[in-house]
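Yeah, the sequence shown ends on 760 if you go by the numbering used here, and it's all consecutive.
The beta carbon of each residue, even a glycine, is placed where N, CA and C say it ideally should be.
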Amino acid sequence: MSLLTAETIGKKFGGVTALKDVSLFVETGEIVGMIGPNGSGKTTFINNLSGLYAPTTGRFMFNGEDITGLPAHVITGKGISRTFQNLRVFPNISVLENILIGLHCKIDTSLWDVYARVLKTRKVEKQAREKAMAVLELADLSGRHDTLAKNLPYGKQRLLEICRAIVSDPYLLLLDEPCAGMNPVEMDDLAGFIRILQKKGITVFVIEHNMRFIMSVAERIIVLANGAKFQEGTPVEIQKDKKVQAIYLGEEGDL
């Protein structure tokens with residue numbers, strides 16, 4: 506059984522069809538990429554999956570359970586975490602505090618208690634801090650745990666955002682254009698971090714426009730065009746596919 510299955514997902518906004526019968530699967534432990542021209546429906550797909558809004562037709566099966574249309578916080582609790590296109594760190598609190606906020610759905614306290622560092626017991630506080638520091642260590646950020654998030658380089662802020670998403674131990678991590686604004690060195694760091702997460706048992710589904718990045722990190726790539734699934738294959742297969750080249754370039758050429 507696949508970790509995630511999308512079955513004929515469709516989404517309409519008024520008279521506009523954003524997704525048309527998109528079906529796909531993600532196996533446990535995979536790094537799957539989704540690409541497509543602007544407006545192809547990539548972010549709409551991930552928003553439907555993560556519970557920001559419900560699909561018009563079709564269903565999502567996750568770990569054998571129908572999660573279609575569930576609220577975002579319920580889906581998060583079932584083991585799906587995500588990041589967004591726009592950076593969403595809390596700039597004026599520390600790196601560690603940013604991660605502790607990500608634990609609020611897993612520990613018996615409120616978000617604001619976490620933010621104020623008023624956890625209910627010393628045991629919970631100690632466990633939360635240890636968990637947060639272990640996650641920061643994966644991204645080589647543990648040495649900066651007291652730094653204000655806004656004082657990190659941009660690429661490190663992106664990694665911090667991902668750390669906050671994984672501190673709740675998700676089965677599936679959704680990344681929506683994580684390379685936005687990054688330089689090539691930062692992209693390489695991100696690719697390495699994603700591979701570390703895979704080794705830790707986290708399945709990754711990543712939407713990205715940067716072809717160099719997605720071809721280097723994804724094991725399988727799904728192409729959307731005009732709201733529909735257009736092609737699927739390995740990075741090598743997608744790079745060589747003339748039809749995929751055409752939808753990006755308007756003519757045959759290399760991706």
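Exercise for review: Spell out the partners DSSP gives R649 in its beta bridges.
Suggested key: Residue mapping note: residue 649 aligns to position 144 of the sequence shown, counting from 1. None, per the DSSP bridge assignment.
**Study point:** Bridge-paired residues (DSSP) for T522
**Key:** For the purposes of this step, residue 522 is identified with residue 17 of the sequence shown, where counting begins at 1. T522 has K517 as its beta-bridge partners, per DSSP.
Review point. Based on the DSSP output, what are the partners of M716 in its beta bridges?
Key: Position 211 of the sequence shown, counted from the first residue, corresponds to residue 716. Beta-bridge analysis with DSSP links M716 to no other residue.
Review point. What do you get for M506, buried or exposed, if any count of 16 or more other CB atoms within 10 angstroms of its CB means buried?
Key: Residue 506 sits at position 1 when you count from the first residue of the sequence shown. Counting C-beta atoms within 10 angstroms of its own C-beta, M506 has fewer than 16 neighbours from the protein chains shown and is therefore classed as exposed.
Review point. Hey, how far is the Cα of I540 from the Cα of K628?
Key: Reading the sequence shown from its first residue, position 35 is the one you call residue 540. Reading the sequence shown from its first residue, position 123 is the one you call residue 628. About 44 angstroms.
Exercise for review: Measure the beta-carbon distance from I671 to I707 and round it to whole angstroms, keeping in mind my assumption that it falls under 8 angstroms.
Suggested key: Position 166 of the sequence shown, counted from the first residue, corresponds to residue 671. Position 202 of the sequence shown, counted from the first residue, corresponds to residue 707. Confirmed, about 6 angstroms.
Practice item. List the whole-angstrom C-beta distance separating H650 from S599, where the pair is believed to meet the contact cut-off of C-beta under 8 angstroms. Key: One-based indexing of the sequence shown puts residue 650 at position 145. One-based indexing of the sequence shown puts residue 599 at position 94. Correct: roughly 7 angstroms between the Cβ atoms.
Practice item. Report the three-state DSSP secondary structure of E757 (helix, strand or coil). Key: Within the sequence shown, numbered from 1, the residue matching residue 757 stands at position 252. Low confidence applies to E757: its pLDDT is 44, below 50, so where it sits in the model is not reliable, and the reading given next is rough at best. Per DSSP, reduced to three states, the secondary structure at E757 is coil, with no helix or strand assignment.
Check your understanding: Hey, which unbroken runs of the alpha helix (DSSP H) at 4 residues or more fall wholly within the segment 533-613?
Key -> Unbroken alpha helix (DSSP H) runs of no fewer than 4 residues, entirely contained in the segment 533-613, are found at 547-555, 577-582 and 600-606, following chain order.
Practice item. Spell out the partners DSSP gives F735 in its beta bridges. Key: The count along the sequence shown starts at 1 and reaches residue 735 at position 230. None, per the DSSP bridge assignment.
**Study point:** Inter-residue spacing [alpha-carbon to alpha-carbon] between P740 and I536
**Key:** One-based indexing of the sequence shown puts residue 740 at position 235. One-based indexing of the sequence shown puts residue 536 at position 31. Using only the alpha carbons, I get a separation of about 12 angstroms.
Check your understanding: Measuring CB to CB, does I580 end up less than 8 angstroms from R669?
Key -> Here the question's residue 580 lines up with position 75 in the sequence shown. Here the question's residue 669 lines up with position 164 in the sequence shown. Annotated as distal: I580 and R669, with beta-carbon spacing of 8 angstroms or more.
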